[in-house]
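Each remark here refers to the structure printed beneath this line.
Numbering (my numbering), first residue to last: -13 to 310.
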């Protein structure tokens, strides 16, 4: 028997139940995967709390890396014994699971399981944000909220490699220093400064062409104030709470654009998933992007990991270890 963190109800971190599960043989098109490392992402807290509705009972978690144990009929993309990873497929908070083979990508030699689990979802998020939602390029100035978080630290590195001037926000001197070390040109401590006023100083009053905002309620309106005329607000998360209902007239003074993208939609097609993963691992192989694992917990202690994440007591990526 394998074990998993089951949810029978939604609520706080205490609702997880470490339980035995039975994992069947893979059906056609499926793989039986033994996890070695699981990535923790903020979207996991939305599923656990009920903010994003889910069917119960269930196993949440959307990112994992492991070894193929068995394959079902018709599977040719991967073979038993290969190291693979995935992002955006619910059910990773388990020692073993079944998963569609076409959602898996092979992990390159030289990338550890833990690094891959820290990079897959967050790195492919940066890929679609920077290359497909709003394509950034050398010489541009952008604003990226939560620059010391798991996605933010990858974004800082990626932007530096592209020659993009990334201005970040973070809470507290330690997080500011971490984002700067990762490649941000400037980092505004939103606990100490008005980030809109400071950003306008840094851009000589012009604002930025794009704001990437995963914070949501606490930053949404002020993010609009940071935009240059015809700029774009990319709202891809809500760690501080859902964005209130939006009157689109607030974008009119700057003729600004607004979008709410998601990795699941951007990488729904197999060719998009493969291209996104390939671009991420290309950046890793070049040395431009490195995993920044700030903390780890055993999967059995996921309650503590969720408590720290929601309390903003984590930096970089958080990994849940399996089988250690």
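For each residue, glycine too, the CB sits at the ideal point set by N, CA and C.
Problem - Which listed residue (105, 41, 138) has its alpha carbon closest to that of residue 49 - result: As a working note, residue 49 is residue 63 in the chain shown. Of the residues 105, 41, 138, the one whose Cα lies closest to the Cα of residue 49 is 105.
Exercise for the section: Indicate the three-state DSSP secondary structure (helix, strand or coil) for residue 187 in the structure shown. Expected result: Here residue 187 is taken as the residue at index 201 of the chain shown, counted from 1. Assignment of residue 187 by DSSP, reduced to helix, strand and coil, places it in the helix class.
Exercise for the section: From the DSSP output, read off the bridge partner residues of residue 127. Expected result: Taking the first residue of the chain shown as 1, we reach residue 127 at position 141. Residue 127 is bridged to 151.
Exercise for the section: Following the continuous beta strand (DSSP E) through residue 199, name the residue where it begins and the one where it ends. Expected result: One-based indexing of the chain shown puts residue 199 at position 213. That run of the beta strand (DSSP E) goes 194 to 199.
Handout entry: Contacts around residue 8, its chain only, beta-carbon distance under 7 Å, and the 5 residues preceding and following it disregarded
Key = Here residue 8 corresponds to residue number 22 of the chain shown, with the count starting at 1. Non-local beta-carbon contacts of residue 8 in its own chain, meaning distances under 7 Å to residues more than five positions away in sequence, involve -13 in chain order.
Practice task
Please list, in chain order, all residues of the same chain as residue 271 whose beta carbon is under 8 Å from its beta carbon, the five residues on each side excluded.
Solution key: For the purposes of this step, residue 271 is taken as residue 285 along the chain shown, with counting starting at 1. 94, 96, listed in sequence order.
Handout entry: Cβ pair residue 128, residue 145 closer than 9 Å
Key = Position 142 of the chain shown holds residue 128. Position 159 of the chain shown holds residue 145. Cβ atoms of residue 128 and residue 145: closer than 9 Å.
Practice task
Using the Cα positions of residue 46 and residue 258, report the straight-line distance between them to the nearest angstrom.
Solution key: For the purposes of this step, residue 46 is identified with residue 60 of the chain shown, where counting begins at 1. For the purposes of this step, residue 258 is identified with residue 272 of the chain shown, where counting begins at 1. Straight-line spacing of the CA atoms in residue 46 and residue 258 works out to 24 Å.
Practice task
Rank 244, 52, 79, 275 by C-alpha distance to the C-alpha of residue 4 and give the top, closest one.
Solution key: Indexing the chain shown from 1 puts residue 4 at position 18. Considering only 244, 52, 79, 275, the residue with the shortest C-alpha distance to residue 4 is 79.
Exercise for the section: Compare the Cα-Cα distances from residue 224 to each of 232, 199, 119, 267 and report the closest residue. Expected result: Taking the chain shown and counting its residues from 1, one reaches residue 224 at position 238. Answer by Cα proximity: 199.
Problem - Inter-residue spacing [alpha-carbon to alpha-carbon] between residue 151 and residue 240 - result: By one-based count along the chain shown, residue 151 stands at place 165. By one-based count along the chain shown, residue 240 stands at place 254. Rounded to the nearest whole angstrom, the C-alpha separation of residue 151 and residue 240 is 22 Å.
Practice task
Along the alpha helix (DSSP H) that carries residue 166, what are the first and last residues, could you check?
Solution key: As a position in the chain shown, residue 166 is number 180, starting the count at 1. Its alpha helix (DSSP H) spans residues 159 to 168.
Handout entry: CA nearest to the CA of residue 36, picked from 238, 189, -1
Key = Counted from its first residue, the chain shown places residue 36 at position 50. Sorting 238, 189, -1 by C-alpha distance to the C-alpha of residue 36 places -1 at the top.
Exercise for the section: State the beta-bridge partners of residue 86 as determined by DSSP. Expected result: Position 100 of the chain shown, counting from 1, holds the residue named residue 86. Residue pairing from DSSP places residue 86 in a beta bridge opposite 16.
Practice task
Determine the DSSP secondary structure at residue 22, reduced to helix, strand or coil.
Solution key: Numbered from its first residue, the chain shown carries residue 22 at position 36. When DSSP states are grouped into helix, strand and coil, residue 22 belongs to the strand group.
Practice task
Select from 92, 18, 83, 156 the residue whose C-alpha is nearest the C-alpha of residue 298.
Solution key: Along the chain shown, one-based indexing puts residue 298 at 312. Minimum Cα distance to residue 298 is reached at 156.
Exercise for the section: Look at the Cβ atom of residue 86, then the Cβ atom of residue 57, and state whether they are nearer than 9 Å. Expected result: Residue mapping note: residue 86 aligns to position 100 of the chain shown, counting from 1. Residue mapping note: residue 57 aligns to position 71 of the chain shown, counting from 1. Residue 86 places its beta carbon 9 Å or farther from that of residue 57.
Exercise for the section: Can you tell me which of 192, 171, 161, 194 puts its alpha carbon nearest to the alpha carbon of residue 178? Expected result: The residue labelled residue 178 in the question sits at position 192 within the chain shown. Among 192, 171, 161, 194, the Cα nearest to that of residue 178 belongs to 161.
Exercise for the section: Rank 158, 242, 202 by C-alpha distance to the C-alpha of residue 193 and give the top, closest one. Expected result: Counted from its first residue, the chain shown places residue 193 at position 207. Across the set 158, 242, 202, the C-alpha of 242 shows the shortest separation from the C-alpha of residue 193.
Handout entry: Residue span of the beta strand (DSSP E) that contains residue 281, given as start and end
Key = Taking the first residue of the chain shown as 1, we reach residue 281 at position 295. Under the DSSP assignment, residue 281 falls in the beta strand (DSSP E) whose first and last residues are 279 to 284.
Handout entry: Rounded straight-line distance, which links the Cα of residue 27 to that of residue 285
Key = Sequence index remark: in the chain shown, residue 285 carries index 299 (1-based). Sequence index remark: in the chain shown, residue 27 carries index 41 (1-based). Going by the C-alpha atoms only, they are around 13 Å apart.
Handout entry: 6 Å CB neighbourhood of residue 253 in its chain, flanking five on each side removed
Key = Counted from its first residue, the chain shown places residue 253 at position 267. Non-local C-beta neighbours of residue 253 in its own chain, meaning closer than 6 Å and more than five positions away in sequence, comprise 259, 262, ordered along the chain.
Problem - Cα-Cα separation, residue 266 to residue 275 - result: By one-based count along the chain shown, residue 266 stands at place 280. By one-based count along the chain shown, residue 275 stands at place 289. Looking at the backbone, the Cα of residue 266 and that of residue 275 are separated by about 8 Å.
Problem - Host alpha helix (DSSP H) of residue 211 (start-end) - result: Taking the chain shown and counting its residues from 1, the one referred to as residue 211 is at position 225. Residue 211 -> alpha helix (DSSP H) spans 206 to 211.
Practice task
Mind checking who residue 219 pairs with in its DSSP beta bridge?
Solution key: For the purposes of this step, residue 219 is identified with residue 233 of the chain shown, where counting begins at 1. Residue 219 is bridged to 197, 244.
Handout entry: Enclosing alpha helix (DSSP H) for residue 109 [first to last residue]
Key = The residue given as residue 109 occupies position 123 in the chain shown. That run of the alpha helix (DSSP H) goes 99 to 114.
Practice task
With DSSP as the reference, label residue 322 as helix, strand or coil.
Solution key: As shown, the chain starts at -13 and ends at 310. That puts residue 322 outside it, with no answer to give.
Exercise for the section: Look at the Cβ atom of residue 221, then the Cβ atom of residue 206, and state whether they are nearer than 9 Å. Expected result: Against the chain shown, residue 221 aligns to sequence position 235. Against the chain shown, residue 206 aligns to sequence position 220. Remark: C-beta atoms of residue 221 and residue 206 approach each other more closely than 9 Å.
Problem - Nearest-angstrom beta carbon gap, residue 302 and residue 136 [assumed within contact, 8 Å] - result: Position 150 of the chain shown, counting from 1, holds the residue named residue 136. Position 316 of the chain shown, counting from 1, holds the residue named residue 302. Their Cβ separation, rounded to whole angstroms, is 6 Å, which keeps residue 136 and residue 302 in contact under 8 Å.
Practice task
Compute the Euclidean distance between the alpha carbons of residue 22 and residue -9, then round it to the nearest angstrom.
Solution key: Here residue 22 refers to the residue found at position 36 of the chain shown. Here residue -9 refers to the residue found at position 5 of the chain shown. Distance between the alpha carbons of residue 22 and residue -9 is about 15 Å.
Problem - Proximal residues to residue 100 (C-beta, below 6 Å), its chain only, five neighbours per side dropped - result: The sequence position of residue 100 within the chain shown is 114, counting from 1. The beta carbon of residue 100 sits closer than 6 Å to those of 23, 305, all from its chain and outside the five residues before and after it, given in chain order.
Problem - Under 9 Å between C-beta atoms of residue 168 and residue 278 - result: By 1-based counting over the chain shown, the position of residue 168 is 182. By 1-based counting over the chain shown, the position of residue 278 is 292. Going by C-beta atoms, residue 168 is nearer than 9 Å to residue 278.
Practice task
Kindly indicate the opening and closing residues of the beta strand (DSSP E) around residue -8.
Solution key: The residue you call residue -8 lines up with position 6 of the chain shown. Counting along the chain, the beta strand (DSSP E) containing residue -8 begins and ends at -12 to -7.
Handout entry: Unbroken beta strand (DSSP E) run spanning residue 180, endpoints
Key = By 1-based counting over the chain shown, the position of residue 180 is 194. Counted as a single uninterrupted DSSP element, the stretch harbouring residue 180 is not any beta strand (DSSP E), since DSSP gives it neither H nor E.
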